[in-house]
Ligand SMILES: [Zn+2]
């Protein structure tokens, strides 16, 4: 196994494709704490870089920094409640994305000039009411 050198903050940020101030912000909110060298420089080892990549992926999936911190360090009940709520959200988004994909596939072949004249197009646009209703009734996360 090769040893991975610890990176200073600028190199770590470059390796992650983010700005250094983002890493400092994550540290200030207690989300990602790098080791410090004897002279006080932040050292990002492979484990810390892996955590940073995880944060980026979860952020891209729509989780806030507070939610990510709760996943990492929250109590078991809080974590499970958050996971349940997020999974429900993800499934809802997946359903919408699948419906959108089917709609776009249909749209490429649709011969109707007006949406209301096409049952398939009308069915897709009717989904908006369903999703709008579920958004307003979902408990805050
Ligand atoms: Zn159509």
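In our numbering, the protein residues as written are 1 to 141. We treat Cβ as the ideally placed atom computed from N, Cα and C, and that holds for glycine.
| Item | Value |
| --- | --- |
| What did DSSP end up calling residue 53 once you bin it into helix, strand or coil? | helix |
| So, for residue 1: in the same chain, excluding its five sequence neighbours on each side, which residues have a beta-carbon less than 7 Å away from its beta-carbon? | With a pLDDT of 45 at residue 1, under the threshold of 50, the modelled position of that residue is not reliable, and the figure given next carries that caveat. Cβ neighbours of residue 1 beyond the five flanking positions: none. |
| Helix or strand or just coil, what does DSSP make of residue 107? | helix |
| Regarding residue 106 and ligand 1, is the C-beta to nearest heavy atom distance less than 7 Å? | yes |
| Can you tell me whether DSSP reads residue 94 as helix, strand or coil? | helix |
| Can you pull the DSSP bridge partners for residue 36? | 42 |
| Nearest by alpha-carbon distance to residue 44: which of 10, 104, 99 is it? | 10 |
| To the nearest angstrom, how far is the alpha carbon of residue 113 from that of residue 104? | 15 Å |
| Please classify residue 68 as buried or exposed, where buried requires at least 16 other C-beta atoms within 10 Å of its C-beta. | buried |
| Compare the beta carbon distance of residue 96 and residue 82 with 8 Å and say whether it is the shorter of the two. | no |
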